[in-house]
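What the sequence shown shows, in the working numbering, is residues 51 to 209, in sequence order.
By construction, the Cβ of each residue, glycine as well, lies at the ideal position given by its N, Cα and C atoms.
On a predicted model such as this, the values are computed, not experimentally measured, just so you know.
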Amino acid sequence: MSRPASIPVTWRCLPFDALLPRTLYALLQLRSAVFVVEQACAFQDLDGADADCMHLLGERARAGGEPELLAYTRLVPAGLKYPEASIGRVVTAPSTRGSGMGHALMVESIRMLHSLWGVQPIRIGAQAHLERFYNAHGFVSDDKPYIEDGIPHLEMLRR
Numbered sequence: 051m052s053r054p055a056s057i058p059v060t061w062r063c064l065p066f067d068a069l070l071p072r073t074l075y076a077l078l079q080l081r082s083a084v085f086v087v088e089q090a091c092a093f094q095d096l097d098g099a100d101a102d103c104m105h106l107l108g109e110r111a112r113a114g115g116e117p118e119l120l121a122y123t124r125l126v127p128a129g130l131k132y133p134e135a136s137i138g139r140v141v142t143a144p145s146t147r148g149s150g151m152g153h154a155l156m157v158e159s160i161r162m163l164h165s166l167w168g169v170q171p172i173r174i175g176a177q178a179h180l181e182r183f184y185n186a187h188g189f190v191s192d193d194k195p196y197i198e199d200g201i202p203h204l205e206m207l208r209r
């Protein structure tokens, strides 16, 4: 696994109804900037699941005190997307790439999911080119590659 993030970050985990409008806007903006624009992938990001999930936010304070969103995941309870709990919409701000933020995000996501719902297997639908990244966090592919929104993916399980 990579080194811890070199950027100081504060973690918050909130249910959908506790997300203030500016926070919700920031997380949807980051998801859109990376998943839609950067990856040139038109897909239905707002899939109806957000309201039933927990939202992990990695933030740092800006000079004016307003938080800047650097990392985000959606923690999905068992039975909503898969029989197992899941971590989805894994995204880091482009400005943090190479800092270890992605690894810090996954460590905190796993820790928080277990804290919320108990230690249990976690299933993810990962972009295939990130298989080694997720392997470093204990996820193992248990499926053949499939295409989702034009991008090769793998189902992976952390037992």
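Any chance you could list the beta strand (DSSP E) runs of at least 3 consecutive residues sitting entirely within the segment 117 to 158, in chain order?
Counting whole runs of 3 or more residues, the segment 117 to 158 contains the beta strand (DSSP E) stretches 117 to 126, 135 to 142.
Using three-state DSSP, classify Pro-71 as helix, strand or coil.
Reduced to three states, the DSSP call for Pro-71 is helix.
Closest by CA to Tyr-132, which one among Arg-81, Leu-78, Leu-70, Gln-170?
It is Gln-170.
Thinking just about the alpha-carbon of each residue, which of Leu-207, Phe-183, Leu-107 is nearest to the one in Lys-194?
Looking at the Cα atoms, Leu-207 is the closest of the given residues.
What did DSSP end up calling Met-51 once you bin it into helix, strand or coil?
Bear in mind that a pLDDT of 49 at Met-51, under 50, signals an unreliable position, so the model cannot answer this.
To which residues of the same chain is Leu-120 closer than 7 Å at the C-beta, ignoring the five residues directly before and after it?
These residues qualify, in order along the chain: Ile-57, Val-59, Gly-108, Glu-109, Arg-110, Thr-142, Ala-143, Thr-146, Met-151.
Spatial neighbours of Asp-210 within its chain, please: C-beta separation below 6 Å, excluding the five flanking residues on both sides.
Here the chain covers residues 51 to 209 and nothing more, so residue 210 does not appear.
Checking the sheet assignment: what are the DSSP bridge partners for Pro-65?
Partner(s): Met-104.
Rounded C-beta distance between Ala-174 and Ile-137? I'm assuming under 8 Å.
With the sequence shown as reference, residue 174 is identified as Ile, and Ala is not the correct amino acid for it. 6 Å between Cβ atoms; contact.
Tell me which residues share the same chain as Gly-188 and place their Cβ nearer than 6 Å to its Cβ, disregarding the 5 neighbours each side in the sequence.
If we look at Gly-188 and ignore the five residues flanking it on each side, its Cβ neighbours are Arg-208.
Please check the pair Cys-63 and Met-156, which I expect to be a contact at CB under 8 Å, by giving their CB distance rounded to whole angstroms.
Incorrect: roughly 14 Å between the Cβ atoms, too far for contact.
Helix, strand or coil, according to DSSP, for Gln-177 in the structure here?
Reduced to three states, the DSSP call for Gln-177 is strand.
By the DSSP assignment, the beta strand (DSSP E) with Leu-207 in it spans what residues?
Where Leu-207 is concerned, the enclosing beta strand (DSSP E) stretches over 201 to 208.
One question on the structure: do Asp-192 and Glu-205 come within less than 9 Å of each other, judged by their Cβ atoms?
In this structure, Glu-205 lies closer than 9 Å to Asp-192 by Cβ.
Near Glu-134, which residues of its chain fall below 8 Å by C-beta distance, leaving aside the five closest residues on each side in sequence?
Cβ neighbours of Glu-134 beyond the five flanking positions: Ala-128, Gln-170, Pro-171, Ile-172, Arg-173, Leu-207.
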